[in-house]
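Colleague: Residue numbers (UniProt numbering): 1 to 286. From the three backbone atoms N, C-alpha and C, an ideal C-beta is built for every residue, glycine too. The model shown is predicted, which means the values in this text are computed figures rather than measured ones.
1) Buried or exposed for residue 216, please, with buried defined as at least 16 other CB atoms from any protein chain shown within 10 angstroms of its CB.
2) Count the other C-beta atoms from every protein chain shown that fall within 10 angstroms of the C-beta of residue 69, then say buried if there are 16 or more, exposed otherwise.
3) Is the separation between the beta-carbon of residue 327 and that of residue 238 shorter than 8 Å?
4) With DSSP collapsed to three states, give me the class of residue 163.
5) Just how far apart, CA to CA, sit residue 18 and residue 76?
6) Helix, strand or coil for residue 37, going by three-state DSSP, please let me know.
7) Using alpha carbons as the reference points, say which of 112, 187 and 95 lies closest to residue 133.
8) Go to residue 56, then tell me how far its alpha helix (DSSP H) extends in each direction, as first and last residue.
9) According to DSSP, simplified to helix, strand and coil, what is residue 15?
10) What is the residue span of the alpha helix (DSSP H) that residue 179 lies within?
11) Relative to the C-alpha of residue 113, which candidate in 140, 129 and 124 has its C-alpha closest?
12) Can a CB atom of chain D be found closer than 8 Å to the CB of residue 201?
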């Protein structure tokens, strides 16, 4: 039996993503350099649901600055933006985000410009209303490797932040824990955060904390901090020794007594991931 055919909408999206030159026209400067792409039919307007499907389809090819110009606000609308590989994008292409009112933004593997530059590409409405930001595997540092995360503090309504596998550090954690008063979900996996004590600033609101493959200076002290996050529902302190980013230095065993003491203080906890962690001093249940 043949699979059911795709919806007409999905078929159209797939056609557009594979035939960009048939649907869009290039706008050039006096020297013949392509400035942007626009719909050949200037009466077309794609609502958010369709615009986001098109962006999702274009994620399957190499996203470039020129392709991103397709999302001119005169023809499209973006509310939730997901870019799974931003390694070929620059500030020039990301500026198209400024005119969209974005609620959720995921820009993965942003390496040519910094996360600060990305935030600088956002419009005022987005800065005031963004709820989710995922910049996993991106860079906070410039050419001098200066790590500045102060721009994150502009996102006052941010609830979910993923900075996994970036240069995000303890100083950055201090800034976001103090300044982001709505923060409920945080992923600092594989970062260079070594002390999570700044999380005490958001102990009454944090519901999800992911610290996969995180090198901590003192695991016992970290568990003490975790025990104070009374509204925590999801906790991940797992390790994967085969993961490319893993650093075994500083990843000590978890003592059973310390773990139990911390977990007993988390009445709302629903999920716990300890995979890859060695639990020491486990006494047989009597």
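Modeller: According to the structure data:
1) buried
2) buried
3) Look at the range of the chain in this structure, 1 to 286, and you will see that residue 327 is not part of it.
4) coil
5) 18 Å
6) strand
7) 187
8) 48-58
9) helix
10) 170-179
11) 140
12) Protein chains in the displayed structure number just one, and chain D is not present.
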